[in-house]
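Asks:
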Amino acid sequence: MVQTTSSEFLLYAQATCQRVDEALRRYCDLGPACPEQLSNAMRHSLLAPGKRLRPLLTLLAAEACGADADAAMPAACAVEMVHCYSLIHDDLPAMDDDDLRRGRPTCHVAFGEAMAILAGDTLLTLAFELIAGQVQPPEVAARCCHQLARAAGAGGMAGGQVDDLAAERGGGDVAQLESIHRRKTGAMLTASIRLGALIARAGDDDLAALNQFGGHLGLAFQITDDLLDSEGDERSVGKRIGKDAQRGKLTFPTLLGADESRQRARQLIDAACDALTPLGDRGASLEALARYVLERNR
Numbered sequence: 006m007v008q009t010t011s012s013e014f015l016l017y018a019q020a021t022c023q024r025v026d027e028a029l030r031r032y033c034d035l036g037p038a039c040p041e042q043l044s045n046a047m048r049h050s051l052l053a054p055g056k057r058l059r060p061l062l063t064l065l066a067a068e069a070c071g072a073d074a075d076a077a078m079p080a081a082c083a084v085e086m087v088h089c090y091s092l093i094h095d096d097l098p099a100m101d102d103d104d105l106r107r108g109r110p111t112c113h114v115a116f117g118e119a120m121a122i123l124a125g126d127t128l129l130t131l132a133f134e135l136i137a138g139q140v141q142p143p144e145v146a147a148r149c150c151h152q153l154a155r156a157a158g159a160g161g162m163a164g165g166q167v168d169d170l171a172a173e174r175g176g177g178d179v180a181q182l183e184s185i186h187r188r189k190t191g192a193m194l195t196a197s198i199r200l201g202a203l204i205a206r207a208g209d210d211d212l213a214a215l216n217q218f219g220g221h222l223g224l225a226f227q228i229t230d231d232l233l234d235s236e237g238d239e240r241s242v243g244k245r246i247g248k249d250a251q252r253g254k255l256t257f258p259t260l261l262g263a264d265e266s267r268q269r270a271r272q273l274i275d276a277a278c279d280a281l282t283p284l285g286d287r288g289a290s291l292e293a294l295a296r297y298v299l300e301r302n303r
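Note that the sequence shown covers residues 6 to 303 in our numbering.
(1) On a Cα-Cα basis, can you pick out the residue from Ala-156, Gly-262, Tyr-297 that is closest to Cys-278?
(2) Measure from the alpha carbon of Glu-144 to the alpha carbon of each residue in Ala-205, Leu-299, His-113, then state which is nearest.
(3) By how many angstroms is the C-alpha of Ala-137 removed from the C-alpha of Ala-147?
(4) Rounded to whole angstroms, what is the Cα-Cα separation between Thr-127 and Ser-50?
(5) Give the DSSP bridge partners of Arg-109, in chain order.
(6) Determine the DSSP secondary structure at Gln-8, reduced to helix, strand or coil.
(7) Assuming Gly-201 and Gly-220 are in contact, meaning their beta carbons sit under 8 Å apart, how far apart are those beta carbons, in whole angstroms?
(8) Looking only at its chain, what residues have a beta carbon closer than 6 Å to the beta carbon of Val-179, apart from the 5 residues adjacent to it on each side?
(9) Measure the Cβ-Cβ separation of Ala-2 and Gly-161 and say whether it is below 9 Å.
(10) Give the range of the alpha helix (DSSP H) segment to which Asp-230 is assigned.
(11) Please say whether Arg-199 and Asn-216 have beta carbons closer to each other than 9 Å?
(12) Using 8 Å as the threshold, is the stretch 65–83 in touch with the stretch 286–293, meaning 3 or more CB pairs across them?
(13) With the cut-off set at 9 Å, would you say Ser-266 and Leu-232 are in Cβ contact?
(14) Would DSSP call Thr-282 helix, strand or coil?
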């Protein structure tokens, strides 16, 4: 579906997020074999109010490449599960030590550290079970699993997180910061897009355009996230703000200042939208989502 105005896109996104939430509820109903405390911890984090940006990207990319969004829903939910697992683990005392996420107590605060670790582990494995069992045909499921594993692993999100933690000890420049977040944030956003395109059997030209789009979008998203941490409202953002500065964390505002960070984010979003040119009107919804990234307040 092509949205021509921001209001049309927001209405579409809201309806789509409701469908994602309904699917997540179904997929995390694991039956009596799953201990109740584990199920509660998973649902506490997974079903908390969120932007659902990554599932949206998967569904919109699938539609842009000619597939029915329903075919991509299992992959969209899998991406959100991997993202949620990463948030649960990032919030642990050994990592960022946060007590608030998406407007509610973090998983380890609500259920204890051991249960939070297990909830994250279960969400990660459930994501791959979901793709392997629900995405068709099997060869596409295999490609999706490979793509998601690479994005979440040593060369992607996990490796970026390692370098992000190391950067708290001081030093660093813009090039290092971009390298961290192209992996920690950008890899998963790009993978979300690629999963939708793979399910749609997209051609090489579309995949190349979507890769460029995802790379620019991921970095712009992180810059706006850094700005929200330094300037945002805690109630709107749904988590503690100002903690990056307290930890001496390497961020775009600390290196560039707020104004230059905002300018860089705008330039990246413009570049992301330009990358969609080969898709023509099929890329309109993805462009609308990219523009939303600049306007978000959470």
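Think of the CB as a built atom: it goes at the ideal place given N, C-alpha and C, for glycine as much as any other residue.
Replies: Short version:
(1) Distances from the CA of Cys-278 to each of Ala-156, Gly-262, Tyr-297 were compared; the closest alpha carbon is that of Tyr-297.
(2) Distance check between Glu-144 and each of Ala-205, Leu-299, His-113 places Ala-205 closest, using alpha-carbon atoms only.
(3) In a straight line, the C-alpha of Ala-147 is about 7 Å away from that of Ala-137.
(4) Their Cα atoms are separated by approximately 12 Å.
(5) Answer is Arg-106, bridged to Arg-109.
(6) Legend: pLDDT at Gln-8 = 49, less than 50; position of this residue unreliable, value from coordinates given subsequently. Of the three classes helix, strand and coil, the one that applies to Gln-8 here is coil, per DSSP.
(7) Rounded, the Cβ-Cβ distance is 16 Å, inconsistent with contact.
(8) Only Leu-260 meet the Cβ criterion.
(9) Nothing can be reported for residue 2: it is not among the residues displayed for the chain, which extend from 6 to 303.
(10) 209–236 is the extent of the alpha helix (DSSP H) around Asp-230.
(11) Contact annotation: Asn-216 and Arg-199 have beta-carbon atoms nearer than 9 Å.
(12) Touching, per the Cβ criterion.
(13) Taking 9 Å as the Cβ cut-off, Ser-266 and Leu-232 qualify as a contacting pair.
(14) Reduced to three states, the DSSP call for Thr-282 is helix.
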